[in-house]
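Asks: Mapping the sequence shown onto UniProt numbering, position 129 (from 1) lands on 129, and the numbers just tick up by one. Handing you a structure now.
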Amino acid sequence: MIVTVILAAGEARRMGQPKQLMQLQGQSLVQRAVQTAKSVSHEVVVVTGSYADAVQEDLRKTSVSLIHNPEWASGMGSSIRTGVQQVVVKNLVPEAIIIMLCDQPLVSEKLLRQLIQMHYDTGKNLVASSYQNTVGVPALFGQALFPNLLTLDSKGGAKQIIHQHKEYMATVDFPGGAYDVDTPEDFERIKHQLTPN
């Protein structure tokens, strides 16, 4: 069983509006992330923070577990902990948890399946996305690393664990990982990237 935790808690200060709800190809960014995650996951957990009510309303017709992180402003690590704690509370015992962000709209079902397949093929407890000479999310964490996710420092993100456990790691190429949505210019660039010529 695979569970995906989607982080949708940020304030989107540089964007000037809730980026979780920005529309791309007829879907909000968080709806798009959920749809992609559901294609490969037994369960999807969405962690909210800033704009929690609006995100909850946006996802009301979707069968996902929503969990609010009241400490979202303390950093991404607190949202990862909150999401993984929700997996534990629901008595789910997945083989692996995928951590992904709602502001990487180029994440595809194919990429998530590659992460899972790499986990099975190599037996590695950590499979990260590789882009622009770095590694990051989406990333898959096997059971051996769940305690690390549950004790992650609030300010640290998934990269903190990735860099500490490179010996356990396999990677999957994800050129689109360089494109996330932090500013209006980023959003326009991604819209252009997704527009057929």
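Don't be surprised by glycine CBs; every beta carbon is placed ideally from N, CA and C. As the structure is a computational prediction, the values presented were derived from the model and not from experiment.
Which partner residues of GLU71 appear in the DSSP bridge assignment?
Replies: Residue 71 sits at position 71 when you count from the first residue of the sequence shown. Partner(s): none; GLU71 has no beta bridge.
Asks: Run through the stretch 63 to 119 for me and flag every whole beta strand (DSSP E) of 3 or more residues, listed as ranges in chain order.
Replies: Complete beta strand (DSSP E) runs here, min 3: 65 to 68, 96 to 101.
Asks: Are ILE80 and ILE67 touching if we call contact CB-CB under 8 Å?
Replies: What you label residue 80 is simply residue 80 of the sequence shown in a count that begins at 1. What you label residue 67 is simply residue 67 of the sequence shown in a count that begins at 1. No. Outside cutoff.
Asks: Does DSSP classify GLU185 as helix, strand or coil?
Replies: Within the sequence shown, residue 185 is the residue found at index 185, counting from 1. Reduced to three states, the DSSP call for GLU185 is helix.
Asks: Who are the near neighbours of THR122 in its chain, counting only those whose CB is closer than 8 Å to its CB and skipping five residues on each side?
Replies: Indexing the sequence shown from 1 puts residue 122 at position 122. So the list reads ALA170, once near-sequence residues are dropped.
Asks: Just curious, the alpha helix (DSSP H) that GLU57 is in, first and last residue?
Replies: As a first step, residue 57 must be located in the sequence shown, where it is residue number 57. 52 to 58 is the extent of the alpha helix (DSSP H) around GLU57.
Asks: Given VAL46, which residues of its chain have a CB within under 6 Å of its CB, disregarding the five upstream and five downstream residues?
Replies: For the purposes of this step, residue 46 is identified with residue 46 of the sequence shown, where counting begins at 1. Excluding residues within five positions, the ones whose Cβ falls inside 6 Å are ILE6, ALA8, VAL64, LEU66.
Asks: So, at 7 Å on beta carbons, what are the nonlocal neighbours of HIS119 in its own chain, with the 5 sequence-adjacent residues on each side left out?
Replies: Along the sequence shown, one-based indexing puts residue 119 at 119. Same-chain partners within the cutoff: ALA96, VAL127, LEU140, GLY142.
Asks: Could you tell me whether the Cβ atoms of VAL3 and LEU112 are closer together than 8 Å?
Replies: Sequence index remark: in the sequence shown, residue 3 carries index 3 (1-based). Sequence index remark: in the sequence shown, residue 112 carries index 112 (1-based). No, they are not a contact pair.
Asks: Less than 8 Å separating the beta-carbons of GLN85 and LEU150?
Replies: On the sequence shown, position 85 is the one that residue 85 refers to. On the sequence shown, position 150 is the one that residue 150 refers to. Yes, the pair counts as a contact, with Cβ atoms nearer than the cut-off.
Asks: If you compare alpha carbons, which of SER130, PRO94, ASP186 is closest to residue 199?
Replies: Lying outside 1 to 197, the shown extent of the chain, residue 199 is not represented and no answer is given.
Asks: Tell me the start and end of each unbroken beta strand (DSSP E) in the stretch 114 to 194 that is at least 3 residues and wholly inside, in chain order.
Replies: List check, beta strand (DSSP E) in window: 126 to 131, 134 to 142, 169 to 173.
Asks: Return the chain-ordered list of same chain residues with a C-beta closer than 8 Å to the C-beta of ASP58, the five sequence neighbours on each side being excluded.
Replies: By 1-based counting over the sequence shown, the position of residue 58 is 58. GLN20, LEU21, SER28, VAL30, GLN31.
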